[in-house]
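In numbering that gives the first Met the number 0, the protein residues as written are 0 to 93. Even glycine gets a Cβ: it sits at the ideal position worked out from N, Cα and C. What follows is a short report on a single structure.
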Amino acid sequence: MEGTDVSFTFLNVTGDSRCPIGAQCIWAGMVSTQVSMRQGGAQSSVSVSDRQNSTIALNGGTYAIVLKGVTPYPAMNRQINPADYKATFVVTKA
0 MEGTDVSFTF LNVTGDSRCP IGAQCIWAGM VSTQVSMRQG GAQSSVSVSD RQNSTIALNG
60 GTYAIVLKGV TPYPAMNRQI NPADYKATFV VTKA
């Protein structure tokens with residue numbers, strides 16, 4: 000995070016049940032991720048999904064984390080390599 004000694008890391012996608020492109024689904028599905036924040040010697044990790052925002056308490060401060068998007072989007076008959084996932088977040092001090 001700019002202007003602070005707080006670092007934010009997207010670790011991985013822990014679940015991706017989004018309805019693939021080209022499929023007809025009963026519900027849109029969801030994607031969940033694992034993220035980590037570090038400040039000084041303190042570190043904390045939390046799960047963040049596109050259905051539920053999360054917070055992290057770190058060195059007396061609380062940070063709100065919102066998952067804005069994850070690419071690539073699933074498609075029928077295509078496996079996504081976990082290393083190919085990219086995620087966009089908004090992190091603010093609460």
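Give me the Cβ distance between residue i and residue j, rounded to the nearest whole Å; I'm assuming they're in contact under 8 Å.
| i | j | result |
| --- | --- | --- |
| S48 | S35 | Not quite, the Cβ-Cβ distance comes to about 16 Å (not below 8 Å), so this is no contact. |
| I20 | P73 | 7 Å |
| Q38 | V90 | Incorrect: roughly 12 Å between the Cβ atoms, too far for contact. |
Would you tell me roughly how many angstroms separate the C-alpha atoms of residue i and residue j, rounded to the nearest one?
| i | j | result |
| --- | --- | --- |
| S53 | R77 | 30 Å |
| G60 | Q42 | 12 Å |
| A65 | N11 | Ala is not the amino acid found at residue 65; the sequence shown has Val there. So the two alpha carbons sit approximately 15 Å from each other. |
| K67 | A56 | 21 Å |
| W26 | D83 | 24 Å |
| V69 | M75 | 17 Å |
| F7 | F88 | 10 Å |
| G40 | S46 | 21 Å |
| C18 | N58 | 39 Å |
| C24 | R50 | 17 Å |
CB-CB under 6 Å to residue i, same chain, minus the five flanking residues each way: which ones, in chain order?
| i | result |
| --- | --- |
| A63 | T54, T91 and A93 |
| F9 | V34 and A86 |
Enumerate in chain order the residues of its own chain whose CB-to-CB distance from residue i is below 8 Å, with the five nearest sequence positions on each side excluded.
| i | result |
| --- | --- |
| S16 | G28, M29 and V30 |
What is the DSSP secondary structure of residue i, counted as helix, strand or coil?
| i | result |
| --- | --- |
| A86 | strand |
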